[in-house]
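Just so you know, we're using my numbering here: the sequence shown kicks off at 702 and counts up by one. We put the beta carbon where it would ideally sit given N, CA and C, even for glycine. Values in this document were obtained by computation on a predicted structure and should not be read as measured data.
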Amino acid sequence: MRTVDLTIQDIAFGGKGVARDNGKAVFVPFTIEGERVTANIVREKKQFAEAELIEVLEPSAERVAPSCPYFGRCGGCSYQHISYNHQLELKARQVEQAMRRIARLAEPPMRPIVSSPLSYGYRNRITVHAQDDVVGFYRRDVHELMDIAQCPISMPEVNKALTELRATRPRDGHYSLRAHSGPRVFAQTNDAVADALADFIATILASENEFLIDAFCGAGFFAKRLAPQFERVLGIDWDRFAIDAARKDARPNETYIAGDIAIELRRALNDVAASVSPADPNIPRVGTPATTLIVDPPATGLSPELRRVILDSPPRTMIYVSCNPPTLARDLAELQQRFAVASIAPFDMFPQTAEIEAVAHLKAR
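Printed below as a string of structure tokens:
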């Protein structure tokens, strides 16, 4: 371990500041670009090093006092030391950088980042862990549970549930605490930003009205909102409990299928393509006519098989919702074989954290 003075030059995706020490990149958490800091090098690799912040020698004007007493020790938040407006600037820049470097877009068609109305008190659910009468979250970088009385980024209803849980001295295990009742299936964490995201997608798709396929549909968050404007809606998800929830109160034009998403999506796109194939096989087909596809995959992005399915029978319009811009950018690099990227819009679904949501609008070439 050695101690160095560094100047932070940038903030990497994931939230750590980036400095240089004898030409080697050094990652320092809880810093802001432009700051001079003293740090301990704790892990050194051939190409980079990891450091822990000791002291901020010259603080940024964007540095603020964290609102959470656990900040810096809890593994959840990375940005509470940064003003909220600057968090938005950082996240928008990180999405654009990923699009340039990974998606190979020379001029990414960026839209302004959509902020969260609440920068604290927005989370509608958390998962806490209990072990040996300790209830809380794991510490940063170590598998050690720390006791948490309240979580400032969570809604009051969630913190009330946490207080009640702690009072029962729960058995060892994992506990999901939610602000809303309803089916225990995946849902977005920030209600206000999720609504803004859905409204944004509805605006983009205002001229589409025939066949909507919602892959990774969950309980139908997007499909059910858009169903009134489409003649036919198909939702696909591997989670049968989510599909059961989606089927409840489904309109006559809504169909939901539980199964392998690549297999079911290929079948659906092939069926549409077969029904509209030109009589002359030499006439190229540009996009599967009348078909709109929404994908909202996990952080790992689209599998190679799923990317191939989409490229083989490209829908006319595609919306890609991502919680991980680097994997979104990786997928866009391949999808550009058959699609033009019309726009990319960042959404701050997770204030105070390094997480970013992004929506890409694609059009078949």
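key: Proximity to R721 [Cα-Cα], best of D1013, M811 and R737   = Position 20 of the sequence shown, counted from the first residue, corresponds to residue 721. Among D1013, M811 and R737, the Cα nearest to that of R721 belongs to R737.
query = Just the Cα atoms here: how many angstroms apart are R812 and L789?
reply = Locating residue 812 in the sequence shown gives position 111, where the first residue counts as 1. Locating residue 789 in the sequence shown gives position 88, where the first residue counts as 1. Rounded to whole angstroms, R812 to L789 spans 13 angstroms at the Cα level.
key: Supposed close pair A880, N825 - CB separation, criterion 8 angstroms   = Position 179 of the sequence shown, counted from the first residue, corresponds to residue 880. Position 124 of the sequence shown, counted from the first residue, corresponds to residue 825. Contact flag correct, Cβ pair sits at about 4 angstroms.
request  = Enumerate, from N- to C-terminal direction, the unbroken beta strand (DSSP E) stretches of 3 or more residues contained entirely within the region 848-911.
outcome  = 874-879
ask   = With respect to the beta strand (DSSP E) encompassing L935, which residues constitute its N-terminal and C-terminal limits?
value = Counting from one through the sequence shown, the residue named residue 935 turns up at place 234. Residues R933 to D938.
query = Helix, strand or coil: which one does DSSP assign to K1064?
reply = Residue 1064 sits at position 363 when you count from the first residue of the sequence shown. If DSSP states are grouped into helix, strand and coil, K1064 belongs with the strands.
inquiry  = In chain order, what are the residue ranges of uninterrupted alpha helix (DSSP H) at least 4 long that sit wholly in the region 783-826?
reply    = 785-802
key: DSSP three-state assignment for R948, whether helix, strand or coil   = Looking up residue 948 in the sequence shown gives position 247. Correct three-state label for R948: helix.
query = In three-state DSSP terms, what is N983?
reply = One-based indexing of the sequence shown puts residue 983 at position 282. In this prediction, N983 has a pLDDT of 49, which is less than 50 and means its spatial position is unreliable; what the coordinates show is noted afterwards. N983 falls in the coil class under three-state DSSP.
ask   = Are Q1038 and L1012 closer than 7 angstroms when you measure CB to CB?
value = By 1-based counting over the sequence shown, the position of residue 1038 is 337. By 1-based counting over the sequence shown, the position of residue 1012 is 311. Taking 7 angstroms as the Cβ cut-off, Q1038 and L1012 qualify as a contacting pair.
message = I'd like to check one pair, L913 with V894: are the Cβ atoms closer than 7 angstroms?
response = The residue labelled residue 894 in the question sits at position 193 within the sequence shown. The residue labelled residue 913 in the question sits at position 212 within the sequence shown. Going by C-beta atoms, V894 is not nearer than 7 angstroms to L913.
Limits of the unbroken beta strand (DSSP E) element including E763 = As a working note, residue 763 is residue 62 in the sequence shown. Segment: none, E763 is in no beta strand (DSSP E) and carries neither H nor E.
key: Burial state of N983 (16 or more Cβ within 10 Å)   = Stepping through the sequence shown from its first residue, residue 983 is reached at position 282. Residue placement at N983 is flagged as unreliable, the pLDDT there being 49, under the threshold of 50; a coordinate-derived value is accordingly withheld.
message = Counting beta carbon pairs with one atom in the region 870-880 and one in the region 802-812, are three or more of them shorter than 8 angstroms?
response = no
ask   = Would DSSP call K717 helix, strand or coil?
value = Looking up residue 717 in the sequence shown gives position 16. Taken through DSSP and simplified to helix, strand or coil, K717 comes out as coil.
ask   = Comparing the C-beta of A1030 with each C-beta of chain D, is any distance below 7 angstroms?
value = Absent from the structure is chain D; it holds one protein chain and no more.
query = Is F714 near Q795, with beta carbons less than 7 angstroms apart?
reply = Walking along the sequence shown from the start, residue 714 turns up at place 13. Walking along the sequence shown from the start, residue 795 turns up at place 94. Yes, Cβ-Cβ distance for F714 and Q795 is below 7 angstroms.
inquiry  = Measuring only from the beta carbon, is I964 closer than 6 angstroms to any heavy atom that is part of the ligand NAP?
reply    = No copy of the ligand NAP appears in this structure; indeed no ligand is present at all.
key: Contacting residues, own chain, Cβ-Cβ under 8 angstroms from F772 (five flanking each side not counted)   = To locate residue 772, count along the sequence shown from 1; it is residue 71. Excluding residues within five positions, the ones whose Cβ falls inside 8 angstroms are C778, Q781 and H782.
key: Assumed close pair I937, I962 - CB separation to whole angstroms, cut-off 8 angstroms   = In the sequence shown, the residue the question calls residue 937 occupies position 236. In the sequence shown, the residue the question calls residue 962 occupies position 261. 5 angstroms between Cβ atoms; contact.
message = So for N741, helix, strand or coil by DSSP?
response = Working through the sequence shown from its first residue, we reach residue 741 at position 40. DSSP places N741 in strand when its eight states are reduced to three.
key: Integer-rounded CB distance, given that A916 should sit under 8 angstroms from V996   = Residue numbering aside, residue 996 sits at position 295 when the sequence shown is read from its first letter. Residue numbering aside, residue 916 sits at position 215 when the sequence shown is read from its first letter. Right, their Cβ atoms sit about 5 angstroms apart.
key: As assigned by DSSP and simplified to three states, the class of T704   = For the purposes of this step, residue 704 is taken as residue 3 along the sequence shown, with counting starting at 1. If DSSP states are grouped into helix, strand and coil, T704 belongs with the strands.
ask   = Per DSSP, what kind of secondary structure is K725 in: helix, strand or coil?
value = Start at 1 with the first residue of the sequence shown, and residue 725 comes out as number 24. K725: strand per DSSP, three-state reduction.
inquiry  = So L846 and H830 are supposed to be a Cβ contact under 8 angstroms. How far apart are they, rounded?
reply    = As a first step, residue 846 must be located in the sequence shown, where it is residue number 145. As a first step, residue 830 must be located in the sequence shown, where it is residue number 129. With a Cβ gap of about 6 angstroms, L846 and H830 count as contacting.
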